[in-house]
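Numbering (our numbering), first residue to last: 170 to 255.
See below for the structure under consideration.
Dropping the structure here:
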């Protein structure tokens with residue numbers, strides 16, 4: 170009976186650790202998207218700049234935000250893997 174109880178505790182602890190890792194990944198992803206939203210919000214203000222005069226400025230800005238968020242996510246992910254947090 171004691172061995173079964175210990176095994177179920179270890180399984181529950183392992184499951185909690187796995188859920189914590191997934192939660193951390195979701196938080197890292199959310200942070201990266203939030204930074205992209207901040208940049209989009211700044212560019213979305215009704216301010217005068219040279220960007221609205223260029224045809225491809227919107228697409229370049231959008232692509233930059235997406236690429237930046239993906240790169241930031243993978244940099245943070247690799248950092249967490251090297252520190253053995255994930």
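In this text, a Cβ means the ideal position worked out from N, Cα and C, and glycines have one as well.
Note that this is a predicted model, so its numbers are computed, not measured.
#1: Output the distance between the C-alpha atoms of residue 210 and residue 220, rounded to the nearest integer angstrom.
#2: Let me confirm a value: residue 238 is counted as buried when at least 16 other C-beta atoms fall within 10 Å, else exposed. Which label applies?
#3: Pop quiz: residue 234 and residue 197 are said to be a contact at Cβ under 8 Å. What is the actual Cβ separation, rounded to whole angstroms?
#4: What's the call for residue 205, buried or exposed, on a 16-neighbour Cβ count within 10 Å?
#5: Can you check whether the CB of residue 230 is closer than 7 Å to the CB of residue 242?
Let's see:
#1: 14 Å
#2: buried
#3: Residue 234 to residue 197, Cβ: 17 Å. No contact.
#4: Per the 10 Å Cβ criterion, buried.
#5: no
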